[in-house]
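Worksheet: one structure, shown below.
Chains as they are written, first to last, in our numbering: chain A, 975 to 1275; chain B, 238 to 598; chain C, 534 to 793.
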């Protein structure tokens, strides 16, 4: 019998939570654990993984791949570059999303749903289409490139390729992740009490002060949530640099793809993936912790 | 044997005892009310009778049977929820039919029973409507019909009229009394509204902080409150507290600071020096410009500090030289005169020894 | 009446333009009578005709549809169960397993499943892709269903129990009908996510299996023609249609305020 009669029997609990739990254990948890195991094995002769037990019957486990990651600096550089790109993306998204979220939050209630929908709709188009669209816009023969290069030529500077560059990668990163920054920001801004701003104005604060000293601090939980929702996926992105990036724009995601599908050094690829996962989980954990503290602080206020 | 017996029931949430060793019995056919302020445990107790919560200690017996192992759907009690809890995706008919469906009553028998239930609550003709098309009072009636359609042993009502406005509430109160008499089953009613409790119930259990302070008929609760809490919670009451200075020949004298000796008729074994309280209802106090001729045992002079004109009565708050406030109630029965006294008037308040009620601490 | 700063309007409008102009360009150029996506030459439906005749494209579309139907069906059932379990019971492992696939970068699921399938000697193909899609769709459905349950009046389930319904019957007669719009919305979302998925499919499809996004990817990398624009436009239309249907079925799903 359950502790309180309403919840139903324990059997019901397992009947309901069992199947999804089982599925995810098999197709999510198990692969993750296998990947951890793979990171300490040797690469196979023709790619993939070497047999777990070698000819002499010993378990073939080693930390060569980990050592390689930490000693060859080029890999750490890629991690740093990925973090840098993710950071720039987050900041740009914040700058673009803030006015948008503010506008929607201040709109009359009946418009808000439509305006939000308009922000989310592009997200529902195919991911590759959104990348492809930027290929068109930044293409060498397209209007934008010709305009920019035309202006540069005026100053005697050489033509600058917009496509296959860091600029293209970053623009598309921002483009793809913008809705994720707008939504949490909006959810937070919507709850702001206009009376606080009126009081501030009454006490002599101008528009900038009202924003910086009242609106922005109160919106921080939304900022952190949105930043986490942008930074973490952006860290692991590979399709965008793969399609729009140049040879200098190899990020962690591209490295991982290379290791698994081209170089076929699976142990090393696993090491890279685990590092990325650890980074992502750490950041998610920090974001959640900051979010909880912020909520507690706001509750005390 | 009583219909419902609650024996030593306790329910804790962490360190906090929501229901603390409560024992009471409800008889068949009676309108029994659990009355108390929010947080007193009345709703928790009701939910344990319904089966939505289990006691940490004690037993709940229905017709002598321990209900401990029975989930809500197997208990022959029905609940009327405060929020009505009508299924929004079913019509009124569908809602009322639901318990019949769950009891596997034959489909051919259902329409007659549904019609009878709707007639009991005077909602014939509303069968095809949806809950969102009904007014608050109509929704409540559907909830009652749904609860009664399977002829349960007992009906539990959790502040069912709380969300309705005053006039509608009064109407439905009268309907509830009549319905209960007609249907003849025991109603266990939960409310924080003491006027409602006094009007509806055969017996009231006044609860505070998880305990029952007094269980009695309404008139006894009103006239002879057993504790200061009950005296204060039910209606308006003057509470004069102080050490007992004398207890002889059926009269206790309490020395109230800022007022003086107050004498009250009481059969009590209380010793001099112990604390006691005299509970005095405002309507029992006489106010006159000067001392009345029959010199009652208690009379104190003072000035009218406040008055509240309430239409049918006026409440006067008289302040004595010692600083005590005495609240008295006078009916404004003389037409043409709104009130008898004005603020600032010097008056004499008086009452007999048997007007008050003594509460030992 | 509050004055709204014109700067705010301008910035917001710029953001909306930023969001939509690229997509509009894709659509417009799908009708462009030119191989280069550079400037407008003339109107034509040629690219759509080429698309209809493209066997690879049709096969890929068929694969995507099949996978999406299977995955969304299974994910909806499992996700609804997960959503109910998350709402009703205090669980420790399930929330993590359900939410993690959504929180971490997609590539991680892709490569881990690749190792998993290969080690089990499981041939990579339609089935492996479907299994992978189900894994990450469960979380989305669970979140939607849980939100819908949270917005539902708890006393309704109690009232059903009070009226004599066992927990199972209460769920069937009262809870399920009331959360159904959420379940359907979750199903549609899972379908859309599956049809659009690229990263996870990329790693778990193996050599011979092509879905629509994978085909688009190879077209983009190898030879870009406005056929890509055409298929993109059609895909966008399909998604739009699905969202409209979802919104009609579950008006509160897209509502910004909380109401049952």
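Backbone N, C-alpha and C define an ideal beta-carbon position, used for all residues, glycine too.
Small disclaimer: the values here were computed from a predicted structure and weren't measured.
C-beta neighbour in chain A for residue 731 of chain C, strict 7 Å
yes
Can you tell which of B:549, B:563, B:541 has the C-alpha that lies nearest to the C-alpha of residue 581 of chain B?
B:541
Would a C-beta distance cut-off of 7 Å place residue 522 of chain B and residue 568 of chain B closer than the cut-off?
no
Who are residue 587 of chain B's beta bridge partners in DSSP?
B:523, B:536
Exposed or buried, what is residue 341 of chain B when buried is set at 16 or more other beta-carbons lying within 10 Å of its beta-carbon?
exposed
Neighbour flag for residue 275 of chain B against chain C, beta carbons, 7 Å
no
So that I know if they touch, is there some Cβ in chain B lying closer than 7 Å to that of residue 710 of chain C?
yes
How would you label residue 1266 of chain A, buried or exposed, when you count the other beta carbons within 10 angstroms and need 16 or more for buried?
exposed
Helix, strand or coil at residue 302 of chain B according to DSSP, with G and I counted as helix:
strand
Do the stretch 739-750 of chain C and the stretch 578-593 of chain C make contact, defined as three or more Cβ pairs closer than 8 Å?
yes
Against residue 248 of chain B, what residues of chain C qualify as contacts under a CB-to-CB distance less than 7 Å, listed in chain order?
Within chain C, no residue comes near residue 248 of chain B; the closest Cβ sits about 17 Å away, beyond 7 Å.
Under 9 Å by beta carbon: chain A residues contacting residue 550 of chain C
Those do not exist, as residue 550 of chain C stays about 11 Å from chain A at its closest Cβ, beyond 9 Å.
Please state if the CB of residue 672 of chain C and the CB of residue 632 of chain C are separated by a distance shorter than 7 Å.
yes
So with Cβ pairs under 7 Å, would you call residue 1058 of chain A a contact of chain C?
no
Using a Cβ-Cβ cutoff of less than 7 Å, which residues in the same chain neighbour residue 1232 of chain A once the five nearest sequence positions on both sides are dropped?
none
Examine chain A for any beta-carbon lying closer than 7 Å to the beta-carbon of residue 746 of chain C, and answer yes or no.
yes
On the criterion of 16 or more Cβ atoms from any shown chain inside 10 Å, does residue 1191 of chain A qualify as buried, or is it exposed?
exposed
For a cutoff of 7 Å on Cβ pairs, would you count residue 769 of chain C as touching chain A?
yes
Quick check: residue 675 of chain C and residue 612 of chain C, are their CB atoms within less than 7 Å of each other?
yes
Test: residue 694 of chain C CB closer than 7 Å to a CB of chain B
yes
For residue 1009 of chain A, would you say it is in contact with chain C, using Cβ-to-Cβ distances shorter than 7 Å as the test?
yes
Given 8 Å, three or more beta-carbon pairs between the stretch 402-411 of chain B and the stretch 365-384 of chain B:
yes
Figure out for me which residue from C:566, C:731, C:715 has the closest Cα to the Cα of residue 582 of chain C.
C:566
Would you call the CB atoms of residue 1148 of chain A and residue 1067 of chain A closer than 7 Å?
yes
Does the Cβ of residue 251 of chain B have 16 or more other Cβ atoms within 10 Å, making it buried, or fewer, making it exposed?
exposed
Under 7 Å, Cβ to Cβ, is there at least one residue of chain C near residue 1265 of chain A?
no
is_contact[residue 1103 of chain A, chain C] using C-beta, thresh 7 Å:
yes
Where residue 715 of chain C falls, given that 16 or more other Cβ within 10 Å makes a residue buried:
buried
Measuring only between beta-carbons, confirm whether residue 790 of chain C sits less than 7 Å from chain B.
Since pLDDT at residue 790 of chain C reaches only 35, below the 50 mark, its modelled position is unreliable, and the value read off the structure follows with that caveat. It does not: the Cβ of residue 790 of chain C has no partner Cβ on chain B nearer than 7 Å.
Can you pull the chain C residues whose beta carbon is under 9 Å from the beta carbon of residue 1234 of chain A, in chain order?
643, 644, 647, 648, 736
Looking at residue 1227 of chain A: is its Cβ nearer than 7 Å to the Cβ of residue 1210 of chain A?
yes
Please state the DSSP three-state secondary structure of residue 1036 of chain A.
coil
Below 6 Å CB to CB, which residues in the same chain sit around residue 333 of chain B once its five sequence neighbours on both sides are set aside?
351, 354, 382, 383, 386
For the stretch 293-313 of chain B and the stretch 662-669 of chain C, state whether three or more C-beta atom pairs, one from each stretch, are separated by less than 8 Å.
no
When the Cα of residue 511 of chain B is compared with those of B:528, B:497, B:496, B:489, which residue comes out closest?
B:489
With DSSP as the reference, identify every bridge partner of residue 249 of chain B, one or two as the case may be.
B:254
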